[in-house]
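Counting the sequence shown from 1 gives a position; the numbering used here is that position plus 7.
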Amino acid sequence: MTEEPCKLRVGIIGLGPKGLYGLERLLANLARMDDPLPVEIHLFNKSDSFGSGYVYDSSQPSYLMMNYVNGYINMWPDQDPKPIVPSPKSFVNWLEEKEGEFPEASAYTFSSRATVGKYLSEGFSDLLNACPAQVIIHKHIGEVKDIAKQEDIYHISYQDSLSGKVISIENFHNLLIATGHPCVNDPESQTQANHIDFIYPVTRRLSQIKERSAVAIKGKGLTFIDAVLALTEGRNGKFEEDEKGILSYIKSGQEPSIIYPFSKSGLPMIPRGNTFGKPDYSPFYFRSESLEYMEAWDGKYDFERQLLPLIEKEFTSVYYSKLFKEKGIELTLSHDFTQVEIQIESFLEKHPDTPRFDFHDFLESRLPDSDVHNATVEFIEKGILEAEIGPEESALAATSELWRHLSDFFNELYKFGGLKPQSQKVFLEKYAGHLNRISYGPPIQNMKKILAIAKAGLIDFSFAQNPEIENSNGYILLNKNKQDVHADYLVDARIPKIQLHRCAGEFFGNLLENELIFPYVNRQEGRLDYRPGCIAINEHGNPIDKSGLANTSITFTGTPTEGLTYDNDTLSRKRNDFVSDWAKSLVEKLSKIQEESELRSTFY
Numbered sequence: 008m009t010e011e012p013c014k015l016r017v018g019i020i021g022l023g024p025k026g027l028y029g030l031e032r033l034l035a036n037l038a039r040m041d042d043p044l045p046v047e048i049h050l051f052n053k054s055d056s057f058g059s060g061y062v063y064d065s066s067q068p069s070y071l072m073m074n075y076v077n078g079y080i081n082m083w084p085d086q087d088p089k090p091i092v093p094s095p096k097s098f099v100n101w102l103e104e105k106e107g108e109f110p111e112a113s114a115y116t117f118s119s120r121a122t123v124g125k126y127l128s129e130g131f132s133d134l135l136n137a138c139p140a141q142v143i144i145h146k147h148i149g150e151v152k153d154i155a156k157q158e159d160i161y162h163i164s165y166q167d168s169l170s171g172k173v174i175s176i177e178n179f180h181n182l183l184i185a186t187g188h189p190c191v192n193d194p195e196s197q198t199q200a201n202h203i204d205f206i207y208p209v210t211r212r213l214s215q216i217k218e219r220s221a222v223a224i225k226g227k228g229l230t231f232i233d234a235v236l237a238l239t240e241g242r243n244g245k246f247e248e249d250e251k252g253i254l255s256y257i258k259s260g261q262e263p264s265i266i267y268p269f270s271k272s273g274l275p276m277i278p279r280g281n282t283f284g285k286p287d288y289s290p291f292y293f294r295s296e297s298l299e300y301m302e303a304w305d306g307k308y309d310f311e312r313q314l315l316p317l318i319e320k321e322f323t324s325v326y327y328s329k330l331f332k333e334k335g336i337e338l339t340l341s342h343d344f345t346q347v348e349i350q351i352e353s354f355l356e357k358h359p360d361t362p363r364f365d366f367h368d369f370l371e372s373r374l375p376d377s378d379v380h381n382a383t384v385e386f387i388e389k390g391i392l393e394a395e396i397g398p399e400e401s402a403l404a405a406t407s408e409l410w411r412h413l414s415d416f417f418n419e420l421y422k423f424g425g426l427k428p429q430s431q432k433v434f435l436e437k438y439a440g441h442l443n444r445i446s447y448g449p450p451i452q453n454m455k456k457i458l459a460i461a462k463a464g465l466i467d468f469s470f471a472q473n474p475e476i477e478n479s480n481g482y483i484l485l486n487k488n489k490q491d492v493h494a495d496y497l498v499d500a501r502i503p504k505i506q507l508h509r510c511a512g513e514f515f516g517n518l519l520e521n522e523l524i525f526p527y528v529n530r531q532e533g534r535l536d537y538r539p540g541c542i543a544i545n546e547h548g549n550p551i552d553k554s555g556l557a558n559t560s561i562t563f564t565g566t567p568t569e570g571l572t573y574d575n576d577t578l579s580r581k582r583n584d585f586v587s588d589w590a591k592s593l594v595e596k597l598s599k600i601q602e603e604s605e606l607r608s609t610f611y
């Protein structure tokens with residue numbers, strides 16, 4: 008009797024973009040095997056939106072927009088092995104083939120998240136249609152609850168979305184975990200009345216908010232904008248645009264009566280226009296050459312003492328370079344920054360009305376306590392104006408987008424414990440949020456909508472700066488001026504961060520209990536430890552145990568790696584790419600089994 012070939016069984020948990028990218032790389036590597044062995048790939052996703060996940064679900068409202076220009080979006084990598092689909096299309100190519108369905112779309116415009124979801128979903132279908140003959144793919148709609156290890160194989164338990172039953176599938180040899188955020192921000196608030204801990208999908212999660220009610224929204228980032236638009240435009244409100252491009256909001260009567268947004272800083276994000284096709288920026292100060300003679304103790308840097316001064320110089324030089332250009336002169340950069348400061352002081356003496364740039368004031372701007380609402384409106388208006396002028400001409404717009412250019416290099420310094428323990432804590436708690444706020448803001452049109460809604464009297468920013476909150480027959484917000492208001496609902500519009508120490512969630516909690524993962528601790532001899540709440544992984548995304556031993560049968564990618572990586576953009580193929588090495592390594596293991604058939608038993 009001929010021995011039946013063994014099957015390698017692979018599980019991919021989470022089929023948003025990161026899981027989709029993992030599937031694509033795995034199929035590409037499997038397709039070029041000379042004598043392929045049979046492989047089963049099981050895909051687990053909470054919803055039927057395979058490829059897009061909740062964030063890019065194609066059924067969500069069209070007013071939920073990307074803050075990522077179309078030209079940057081491409082689910083197909085430019086690397087070997089090539090994708091298995093016959094004609095992989097970038098997002099822009101895909102839009103162009105839709106025969107007028109998106110007439111205003113181009114590489115330089117923004118699309119809705121639903122449109123991007125359609126692109127990702129079609130790409131997923133194309134992968135299934137081009138799947139190599141030896142590969143069988145199973146789709147499971149439901150939430151994975153637990154993974155159990157028995158010797159060298161794994162059993163996955165998931166709750167089926169249709170039946171509600173918990174189903175167990177056995178004998179997995181390798182797992183890619185690409186889940187999103189494992190928990191909510193404030194688990195202790197989940198049971199409180201009229202508290203909404205997460206806004207997506209907006210049509211379902213925000214439906215309980217009654218019209219003419221008062222709503223407090225915690226967080227003023229991109230998710231806050233989505234929440235406000237869902238409660239206004241999503242309830243049949245309309246926008247009208249005049250000949251100058253100024254929007255006004257026309258109420259439907261189905262909106263809340265008032266919305267009170269707030270955050271720790273109280274500051275809104277700075278909007279941005281098209282960034283695609285612009286010249287690359289080459290940092291002068293914040294680059295590897297500047298660190299050649301800088302001491303890194305045990306390979307770790309101090310953010311405030313060593314890195315921040317270089318970042319500040321970069322921001323300052325960019326700001327004044329634009330102002331000098333306006334006057335027809337050039338700021339001459341020098342590694343001796345005092346030479347730059349002499350030029351700046353001379354310039355300011357000749358142009359005394361020019362506002363002096365202070366990096367820390369720019370990053371952590373404070374709104375006046377006396378009239379926070381109008382000051383916020385003016386802040387938004389100025390941000391829109393400068394973003395429309397653009398970074399080529401506007402000093403504010405140029406400095407606002409600068410962190411986007413610096414973050415690639417910063418990520419290389421930051422990842423896998425590159426900062427000293429307490430320095431990582433300082434960066435995450437004091438600087439990371441502000442840097443995201445200035446450089447990763449919404450498209451200009453969305454901020455214009457927020458401004459129009461505020462001017463229509465539906466948003467009150469008076470309680471925006473970290474108010475005290477009391478839970479009493481609803482919610483009471485108390486600002487620094489001792490003014491208070493009542494809100495019927497409290498919406499948490501922040502994206503949860505992984506926090507194994509506070510709220511691991513059921514799935515990650517079980518992984519902890521089963522000792523398949525361990526919390527990461529940033530340690531350095533002679534210094535206090537720091538626990539950012541993330542999983543301990545190595546540079547390949549494999550979880551490591553307390554002794555530092557890696558489990559190469561499990562790989563994490565995307566959100567679960569945050570804390571040991573920085574800025575996990577959900578659509579980026581290049582930033583923190585764990586899946587390319589994962590797929591290549593897995594197929595190399597399979598190739599060895601082809602060559603050494605006696606080792607097949609290791610995959611049972």
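Ideal Cβ positions, reconstructed from N, Cα and C, are used throughout, including at glycine. On a predicted model such as this, the values are computed, not experimentally measured, just so you know.
Item                                                                                                                  : Value
DSSP three-state assignment for N181, whether helix, strand or coil                                                   : strand
Where E248 falls: helix, strand or coil (DSSP)                                                                        : strand
Which of helix, strand or coil DSSP assigns to Y421                                                                   : helix
Contact set for E605: own chain, Cβ-Cβ below 6 Å, skip 5 residues either direction                                    : With a pLDDT of only 43 at E605, under 50, the local geometry of the prediction cannot be trusted, and the value read off the model is given with reservation. Cβ neighbours of E605 beyond the five flanking positions: none.
Within the segment 106–153, ranges of the alpha helix (DSSP H) (whole runs, at least 4 residues)                      : 120–136
Alpha-carbon spacing of N583 relative to V433, whole angstroms                                                        : 22 Å
Local Cβ density within 10 Å of L5, reported as buried at 16 or more and exposed below that                           : With the chain running from 8 to 611 in the structure shown, residue 5 is simply not present.
Residues near N243 in its chain [Cβ-Cβ closer than 7 Å; skip 5 each side]                                             : S259, Q261
Which listed residue (G424, D376, I206, L338) has its alpha carbon closest to that of S272                            : D376
At least 3 beta-carbon pairs within less than 8 Å: the segment 501–514 vs the segment 571–579                         : no
Check whether K455 and I391 have beta carbons under 8 Å apart                                                         : yes
Residues of its chain near Q346, where Cβ-Cβ distance is below 8 Å and the 5 sequence neighbours each way are ignored : T339
Helix, strand or coil at G512 [DSSP, three-state]                                                                     : helix
Whole beta strand (DSSP E) elements within the segment 196–229, 3-residue minimum                                     : 221–225
C-beta contact flag for V46 and V92 at 8 Å                                                                            : no
DSSP state of M454 mapped onto helix, strand, coil                                                                    : helix
Segment contact flag, the segment 117–126 with the segment 63–72, C-beta cutoff 8 Å, min 3 pairs                      : yes
CA nearest to the CA of A590, picked from N36, L22, L27                                                               : N36
Sequence-distant residues of its chain with Cβ nearer than 7 Å to E395 (five each side left out)                      : G280, I451
Distance between beta carbons of S59 and T21, contact taken as under 8 Å                                              : Looking at the sequence shown, residue 21 is not Thr but Gly. Rounded, the Cβ-Cβ distance is 12 Å, inconsistent with contact.
Per-residue DSSP class, three states only, for F86                                                                    : For clarity, residue 86 is Gln in the given sequence; the question names Phe instead. In the structure shown, Q86 sits in coil (DSSP, three-state: anything other than H, G, I, E or B).
Euclidean distance between Cα positions of E11 and G107                                                               : Because E11 sits at a pLDDT of 45, beneath the cut-off of 50, its placement in the model cannot be relied upon, and the following sentence gives the value as read from the coordinates. For E11 and G107, the distance between alpha carbons rounds to 52 Å.
Presumed contact (8 Å Cβ cut-off) between A234 and F269, rounded CB distance                                          : At roughly 13 Å, the Cβ-Cβ gap does not stay under 8 Å, so A234 and F269 are not in contact.
Inter-residue spacing [alpha-carbon to alpha-carbon] between P398 and G171                                            : 52 Å
Same chain, Cβ closer than 6 Å to F468, neighbours up to 5 away in sequence not counted                               : V379, H380, T383
Rounded straight-line distance, which links the Cα of Q490 to that of P362                                            : 33 Å
Paired residues, beta bridge with D499 - DSSP                                                                         : K225
For E400, the three-state DSSP class (helix, strand or coil)                                                          : coil
Own chain residues within Cβ distance below 6 Å of I318, not counting five before or after                            : F293
Coil, strand or helix - L15 by DSSP                                                                                   : strand
Sheet register partners of K156 (DSSP bridge)                                                                         : Y161
Whole-angstrom distance between M40 and G130, CA atom to CA atom                                                      : 22 Å
Coil, strand or helix - V76 by DSSP                                                                                   : coil
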